[in-house]
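Residue numbers (our numbering): 461 to 777.
Yeah, the Cβ is synthetic: ideal placement off N, Cα and C, and Gly gets one too.
Beneath this line is the structure, given in structure tokens, with notes to follow.
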């Protein structure tokens with residue numbers, strides 16, 4: 461598949477869905493009430509919280525959510541990157557070459573984002589629907605409890621027209637693991653090993669196709685971090701060395717594109733900025749910012765009982 465074209469088409473479809481919910485979204489105040497615009501927050505309001513970016517492949521989070529992950533890390537989250545497959549059907553050279561190259565890329569993406577650690581679950585690429593989803597869920601539950609994960613960023617289990625089994629199997633396993641990890645009777649051997657129930661309270665779900673969008677995140681301040689991630693994803697990402705290759709091709713034709721600059725590093729970064737971030741820029745313009753990413757966000761449930769107690773409870777006399 462041409463992931464570049466699919467990415468553009470999918471994000472365009474999502475933008476159309478966001479448009480349909482509001483007559484005008486040129487700035488945050490004009491946004492439909494169902495879409496929350498998340499701005500950068502000063503300081504480190506999320507200090508002490510833990511985030512897991514979960515991706516089937518090494519290029520998923522860089523493409524769809526690395527700006528939001530970088531923003532949340534800057535605001536205090538401790539983050540981990542979890543890759544589910546070994547990407548053995550992608551990348552350069554032989555299958556073994558591709559596995560090695562993608563493993564290296566995944567580590568570099570984690571480093572570029574500022575994640576504390578990267579985990580590889582090493583399932584075969586394109587074959588995740590043949591694996592036992594209960595086993596995958598169990599591994600996620602273990603990691604949620606071990607790392608005390610509060611927030612996940614992952615594919616949307618409820619998005620439509622997703623053709624890749626790695627994407628929808630990962631998403632569904634994550635969705636069920638998030639609440640089961642907080643239960644007191646699932647996987648009791650974890651408790652014998654010293655772990656405790658720990659449920660996930662926030663989810664940022666992204667998608668390649670149409671989805672319910674209820675949150676847009678301003679990623680303008682961390683766009684260089686997103687470019688870093690896309691540059692690190694050389695083996696299969698739509699960026700990699702694309703700018704350098706384009707610059708070399710044009711030079712062979714006695715041509716140059718000024719925006720690509722005069723060296724390969726600049727060419728790669730500016731190629732990403734001008735050709736791969738168009739959807740992020742278009743979404744950002746609708747909210748009056750330079751760049752943005754969109755999600756189906758699920759937050760902690762509001763307790764009407766606790767709200768009532770906080771508001772109206774009085775001391776015993």
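Cα-Cα, which of 497, 608 and 516 is closest to residue 696? On the chain shown, position 236 is the one that residue 696 refers to. Nearest option by C-alpha distance: 516.
Cβ-Cβ separation, residue 504 to residue 536 (assumed contact under 8 Å), whole Å: Mapped onto the chain shown, residue 536 falls at position 76. Mapped onto the chain shown, residue 504 falls at position 44. Taking 8 Å as the upper bound for CB-CB distance, residue 536 and residue 504 are in contact here, some 3 Å apart.
Name the two residues that bound the continuous beta strand (DSSP E) containing residue 662. For this step, residue 662 is matched to residue 202 along the chain shown. Where residue 662 is concerned, the enclosing beta strand (DSSP E) starts and stops at 662 to 666.
Apply the 10 Å Cβ neighbour rule to residue 688 and answer buried if 16 or more other Cβ atoms are within range, or exposed otherwise. One-based indexing of the chain shown puts residue 688 at position 228. Its Cβ being crowded by 16 or more others within 10 Å, residue 688 is buried.
What does the Cβ neighbour count give for residue 783, buried or exposed, with the cut at 16 atoms within 10 Å? Coverage of the chain is limited to positions 461 through 777, which leaves residue 783 absent and any answer about it impossible.
Endpoints, alpha helix (DSSP H) assigned at residue 808: Residue 808 cannot be examined here, being either before or after the span of the chain that is shown, 461 to 777.
Can you tell me whether DSSP reads residue 590 as helix, strand or coil? For this step, residue 590 is matched to residue 130 along the chain shown. Residue state for residue 590 is assigned as helix, using DSSP reduced to three classes.
Whole angstroms are fine: how far does the CA of residue 520 sit from the CA of residue 466? Along the chain shown, one-based indexing puts residue 466 at 6. Along the chain shown, one-based indexing puts residue 520 at 60. Confidence at residue 466 is low in this model, with a pLDDT of 43, below 50, so the placement of that residue is unreliable and no value is reported for it.
Host alpha helix (DSSP H) of residue 731 (start-end): For the purposes of this step, residue 731 is taken as the residue at position 271 of the chain shown. Per DSSP, residue 731 belongs to the alpha helix (DSSP H) from 724 to 731.
Please name the residue, chosen from 633, 560 and 607, that lies closest to residue 596 on a Cα-to-Cα basis. The residue given as residue 596 occupies position 136 in the chain shown. Looking at the Cα atoms, 633 is the closest of the given residues.
My output table needs one value for residue 716: the three-state DSSP class, helix, strand or coil. Taking the chain shown and counting its residues from 1, the one referred to as residue 716 is at position 256. Note: residue 716 maps to coil in three-state DSSP.
Drop a sphere of 10 angstroms on the beta-carbon of residue 723, count the other beta-carbons inside from all chains shown, and report buried for 16 or more, exposed for fewer. Mapped onto the chain shown, residue 723 falls at position 263. That one is exposed.
Please name the residue or residues paired with residue 498 in a DSSP beta bridge. The residue labelled residue 498 in the question sits at position 38 within the chain shown. Partner(s): 677.
Go to residue 691, then tell me how far its alpha helix (DSSP H) extends in each direction, as first and last residue. For the purposes of this step, residue 691 is taken as the residue at position 231 of the chain shown. From DSSP, the alpha helix (DSSP H) with residue 691 extends over 683 to 692.
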